[in-house]
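4 is the number of the first residue of the sequence shown in the working numbering; add one for each residue after it. We put the beta carbon where it would ideally sit given N, CA and C, even for glycine. All figures in this text were calculated on a predicted structure; none of them were measured in a lab. Before any comments, here is the structure.
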Amino acid sequence: MPSLTVTSSVSPLRLSPADAIALLKPRVMSLVVFTGAIGLFIAPTHLAAWRALAAIACIALGAGAAGSINMWFDADIDAVMQRTRRRPIPAGRVHPTTALVYGCVLSVLAVLAMGLATNWVAAAWLAGSIGFYVLIYTMWLKRSTPQNIVIGGAAGAFPPIIGWAAATGQVGLLPVLLFAITFFWTPPHFWALSLYACQDYARARVPMLPVTNGARSTRRHILAYTLLLLPVSLVPTLAGVAGPVFGLGALGLGLGFIVLAWRVLTDRQDADGVSLTGDRPARLTFRYSLFYLSAIFALVAIDRWLG
């Protein structure tokens with residue numbers, strides 16, 4: 004495995020509380036937990052409070068477990084990238100095998116606990132999301148194709164389906180549409196980041212779109228996906244599973260995303276499409292994309308609460 008090229012003198016039995024948390028990728032986990040909790044909240048069937056809290060904890064644990072296995076597999080990449088080299092494994096604080104075992108154990112515990120606390124449909128979706136992120140995205144797509152984020156975007160889109168399934172034991176139209184919104188949101192979100200982290204990805208030989216196709220092509224792709232995202236985000240209202248509050252909010256948020264993507268496209272660039280302004284529009288678009296997804300899910304919860 005690629006991570007085996009990273010040598011470590013630290014004991015496999017050593018894992019401090021701080022590193023145990025860091026391996027779970029808490030920033031990524033927070034967004035996963037939020038979207039999963041919204042899926043649980045908007046479901047037509049409500050769980051007892053302890054079951055709902057258990058479901059959210061299982062989603063968090065599953066996301067963190069996948070993050071730990073990702074850090075094990077990608078340790079060689081993390082070691083050469085500026086923004087990831089301080090992670091526990093490349094920094095020499097955690098042995099790679101420790102991260103792998105830790106992630107695998109937490110994965111099994113999360114799936115079993117979800118099945119016992121709620122139902123096995125939700126547990127199966129949770130297991131599928133962990134498997135997709137680890138096997139399909141991390142171990143296959145990330146290193147093999149510039150479309151890694153496009154297809155791999157499904158990995159982070161599962162939580163609302165898992166939350167809904169935890170409450171109902173089945174999957175409904177609304178969480179599937181939220182899955183679609185997250186799926187189309189992921190490429191412009193990550194490509195905006197990759198524009199100003201391009202040198203990092205190139206050093207690590209990760210075939211992100213700016214590395215393989217150039218910055219100019221990436222800018223066009225960001226705009227194209229934000230244009231696609233807008234009609235997709237309006238489908239819940241048009242299909243009658245969300246109300247006008249959500250529809251109007253999604254319209255405004257989507258138009259804002261498009262404006263920022265247009266600024267990324269028209270940013271002052273050299274002949275190769277490299278920004279002459281320090282990629283300020285790309286950085287702003289990345290930050291806005293985080294706000295966008297949080298706001299979309301907050302809107303669907305408010306819309307359901309009102310209606």
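Beta-carbon within less than 8 Å of residue i's beta-carbon, same chain only, minus the 5 sequence neighbours each way: which residues are those?
i: Ser-292; result: Trp-188, Pro-191, His-192, Ala-195, Phe-260
Buried or exposed: residue i, going by 16 or more other Cβ atoms within 10 Å of its Cβ?
i: Ile-24; result: exposed
i: Ser-19; result: exposed
i: Asp-273; result: exposed
i: Ser-33; result: exposed
i: Arg-30; result: exposed
i: Ala-69; result: buried
i: Asp-162; result: For the sequence presented, residue 162 should be read as Pro rather than Asp. It is buried - the Cβ of Pro-162 has at least 16 other Cβ atoms within 10 Å.
i: Leu-119; result: exposed
i: Leu-198; result: buried
i: Gly-39; result: buried
i: Pro-5; result: Its pLDDT being 47, under 50, Pro-5 is placed unreliably in this model, and the value from its coordinates should be taken loosely. Classification for Pro-5: exposed.
i: Leu-241; result: exposed
i: Ala-130; result: buried
Return the CA-CA distance between residue i and residue j, expressed in angstroms with no decimal places.
i: Val-97; j: Asp-22; result: 7 Å
i: Val-209; j: Gln-173; result: 37 Å
i: Thr-48; j: Ala-218; result: 46 Å
i: Asp-203; j: Ile-139; result: 22 Å
i: Leu-56; j: Leu-268; result: 43 Å
i: Asn-216; j: Tyr-295; result: 26 Å
i: Gly-316; j: Thr-280; result: Missing from the structure shown is residue 316; the chain here goes from 4 to 310 and no further.
i: Met-74; j: Gly-310; result: 42 Å
i: Val-13; j: Gly-95; result: 7 Å
i: Ala-63; j: Met-142; result: 21 Å
i: Leu-109; j: Ser-71; result: 9 Å
i: Ile-59; j: Val-36; result: 6 Å
Which same chain residues end up closer than 7 Å to residue i when comparing Cβ atoms and leaving out the 5 residues on each side of it in sequence?
i: Ile-299; result: Ile-184, Ser-236, Ala-253, Leu-256
i: Ile-133; result: Gly-65, Ala-68, Ala-69, Ser-110
Quick one: what's got a C-beta closer than 6 Å to residue i's C-beta in the same chain, skipping five residues either side?
i: Leu-233; result: Gly-257
i: Ala-46; result: Trp-167, Ala-170, Thr-171
i: Gly-246; result: Asp-306, Gly-310
i: Gly-155; result: Tyr-140, Leu-144
Examine the ligand NAD and report whether any of its heavy atoms sits within less than 7 Å of the Cβ of residue i.
i: Phe-161; result: This structure does not include the ligand NAD; it has no bound ligands of any sort.
For residue i and residue j, which I take to be in contact (beta-carbon distance under 8 Å), what is that distance rounded to the nearest angstrom?
i: Pro-213; j: Thr-100; result: Their Cβ separation, rounded to whole angstroms, is 33 Å, which puts Pro-213 and Thr-100 out of contact at 8 Å.
i: Leu-177; j: Val-244; result: 4 Å
i: Pro-91; j: Leu-26; result: 6 Å
Item checked: Whole alpha helix (DSSP H) elements within the stretch 194–221, 4-residue minimum -> 201–207, 212–215
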